[in-house]
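A quick write-up on the structure given underneath.
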Amino acid sequence: MSTVPIPSKAGSLSTLSLAKDSLVGGISNPSEVFCSVPGRLSLLSSTSKYKVTVGEVQRRLSPPECLNASLLGGVLRRAKSKNGGRCLRERLEKIGLNLPAGRRKAANVTLLTSLVEGEAVHLARDFGYVCETEFPAKAAAEYLCRQHADPGELHSRKSMLLAAKQICKEFADLMAQDRSPLGNSRPALILEPGVQSCLTHFSLITHGFGGPAICAALTAFQNYLLESLKGLDKMFLSSTGSGHGETKASEKDAKHRKNNKISDDESLGGDKQRCDIWRKPKSQQGGERWELQARNQTGFELNVTNLRDKKI
């Protein structure tokens with residue numbers, strides 16, 4: 001019969017591995033169902049029951065939690081009784097686990113401590129679904145974009161968002177390579193043992209909830225960054241479009257003024273490229289009476305008389 005070791009404060013990976021190996025060695029079938037417990041987060045009208053395997057009980061007695069008989073009885077929803085602890089220890093002995101009396105827990109008790117692995121994974125799955133479908137990424141992005149709508153700030157804002165998106169992607173890729181054991185599965189490792197051991201510790205202390213929950217939060221944040229970049233692109237197009245419109249309007253006004261000037265000059269015979277302008281000899285001017293004759297390229301003659309105090 002194997003004995004569950006009490007971990008040191010360091011709680012190293014080697015101690016965790018040895019503790020698990022010693023426990024597994026005394027267990028005939030880790031996949032065997034030890035008991036079924038009702039979910040703590042379910043509504044009374046739809047109470048779910050989760051199967052707790054012998055392997056899960058072994059994990060709850062091992063580091064990092066090292067539950068005692070009292071806490072394990074609470075997790076398994078066993079009614080308190082005078083000899084409840086002794087009955088639980090006797091049942092554990094039958095499956096090859098020894099839980100000494102008076103044992104102290106190794107980890108702080110949280111709300112996650114009360115969850116069995118099946119319910120913790122179920123909670124993580126529902127949390128991921130809600131983050132993906134209900135998190136207001138677009139509304140949050142539009143609100144914060146309005147706080148930074150200064151045209152001079154758009155380029156620096158976009159650079160910061162792109163940098164944040166890259167950092168977030170790197171972290172999300174790291175979490176996607178997490179191969180922490182889930183249930184009785186033992187997937188092949190991808191990350192270095194030093195990093196993977198820390199992620200495994202986090203997964204064990206949260207019973208499989210922690211890793212998927214972090215990934216769900218990262219997905220929500222990535223959606224926010226994506227919507228923010230879309231909002232900035234719209235601002236760029238809006239500012240560029242308005243500037244282009246103003247330029248076209250000014251060019252149109254200038255062209256209109258130029259056409260009006262040419263029309264006025266032609267009416268007065270001032271366009272020297274199209275009209276030949278000359279003064280008649282002084283003998284034909286008739287004193288103070290001036291006459292201007294203009295002949296354009298088509299041979300049309302224009303006479304302007306009674307122009308006083310005008311010089312050509």
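All the letters of the sequence shown, read from the start, carry residue numbers 1 to 312 under the UniProt record's numbering. Glycine included, C-beta positions come from ideal geometry on N, C-alpha and C. Nothing here was measured: the structure is a model prediction, and the numbers come from that model.
DSSP three-state call for Pro136: helix, strand or coil?
In the structure shown, Pro136 sits in coil (DSSP, three-state: anything other than H, G, I, E or B).
Compare the beta carbon distance of Gly231 and Ala141 with 8 Å and say whether it is the shorter of the two.
Result yes, Cβ atoms of Gly231 and Ala141 sit closer than 8 Å.
Burial state of Val75, where buried means 16 or more other Cβ atoms lie within 10 Å:
Burial call: buried.
Entirely enclosed alpha helix (DSSP H) segments - the region 122–193, minimum 4 residues
Counting only runs that start and end inside the region 122–193, the alpha helix (DSSP H) elements of at least 4 residues fall at 137–147 and 154–176.
Run of the alpha helix (DSSP H) containing Lys80, from where it starts to where it stops
DSSP places Lys80 in no alpha helix (DSSP H); its state is neither H nor E.
Can you confirm whether the region 91–101 touches the region 170–177 when touching is taken to mean that 3 or more C-beta pairs between the two stretches lie within less than 8 Å?
With fewer than three CB-CB distances shorter than 8 Å, the region 170–177 does not count as touching the region 91–101.
Do you know how far the Cα of Leu88 is from the Cα of Val57?
Roughly 12 Å separates the two Cα atoms.
What does the Cβ neighbour count give for Ala137, buried or exposed, with the cut at 16 atoms within 10 Å?
Counting Cβ neighbours within 10 Å, Ala137 comes out buried, since at least 16 surround it.
Inter-residue spacing [alpha-carbon to alpha-carbon] between Ile312 and Ser239:
Any answer about Ile312 is weak, because its pLDDT of 41 lies below 50 and its placement is not dependable; what the coordinates show is given next. As the crow flies, the alpha-carbon of Ile312 is around 51 Å from that of Ser239.
Short of 6 Å in beta carbon distance, which residues of its chain neighbour Asp229, apart from the five on each side in sequence? Order them along the chain.
Per the sequence shown, the amino acid found at residue 229 is Leu instead of Asp. Excluding sequence neighbours, Leu229 sits near Leu161.
Tell me which residues share the same chain as Lys51 and place their Cβ nearer than 6 Å to its Cβ, disregarding the 5 neighbours each side in the sequence.
For Lys51, where only same-chain residues beyond five positions count, the Cβ hits under 6 Å are Val33 and Ser36.
Do Gly84 and Arg77 come within 8 Å of each other at the CB atom, strictly closer than that value?
No, these two residues do not count as a Cβ contact at 8 Å.
Spell out a yes or no on whether the region 96–105 and the region 183–203 are touching, meaning 3 or more CB-CB pairs, one atom from each, closer than 8 Å.
Using a Cβ-Cβ distance cut-off of 8 Å, the region 96–105 and the region 183–203 are not in contact, since fewer than three pairs of beta carbons, one from each stretch, lie closer than that value.
How about Glu119 and Ile205: are their beta carbons less than 8 Å apart?
No, they are not a contact pair.
Of the choices Thr133, Val121, Cys131 and Asn68, whose alpha-carbon is the least far from that of Val109?
Nearest option by C-alpha distance: Asn68.
Chain-order list of residues whose beta-carbon lies under 8 Å from that of Gly128 (same chain, five-residue window excluded):
Taken in chain order, the residues that qualify are Pro212, Ala213, Cys215, Ala216 and Thr219.
Counted within 10 angstroms of its Cβ, other Cβ atoms place Thr133 as buried (16 or more) or exposed:
Under the 10 Å beta carbon count, Thr133 is surrounded by fewer than 16 other beta carbons and is classified as exposed.
Could you spell out where the beta strand (DSSP E) holding Val37 opens and where it closes?
Val33 to Pro38 is the extent of the beta strand (DSSP E) around Val37.
Close Cβ partners of Glu117 (< 7 Å) along its chain, the five nearest in sequence each way excluded:
So the list reads Glu56, Gly183, His207 and Gly208, once near-sequence residues are dropped.
What does a CB cutoff of less than 6 Å around Cys198 pick up in its chain, not counting 5 residues either side in sequence?
Taking Cys198 as the centre and dropping the five residues before and after it, the same chain places no C-beta closer than 6 Å to its C-beta.
In chain order, which continuous runs of the beta strand (DSSP E) of length 3 or greater are located wholly inside the region 48–80?
Runs of the beta strand (DSSP E) lying entirely within the region 48–80 and spanning at least 3 residues, in chain order: 49–53.
Option nearest Leu112 by Cα separation, candidates Arg60, Lys165 and Leu237
Ranking Arg60, Lys165 and Leu237 by CA distance to the CA of Leu112 puts Arg60 first.
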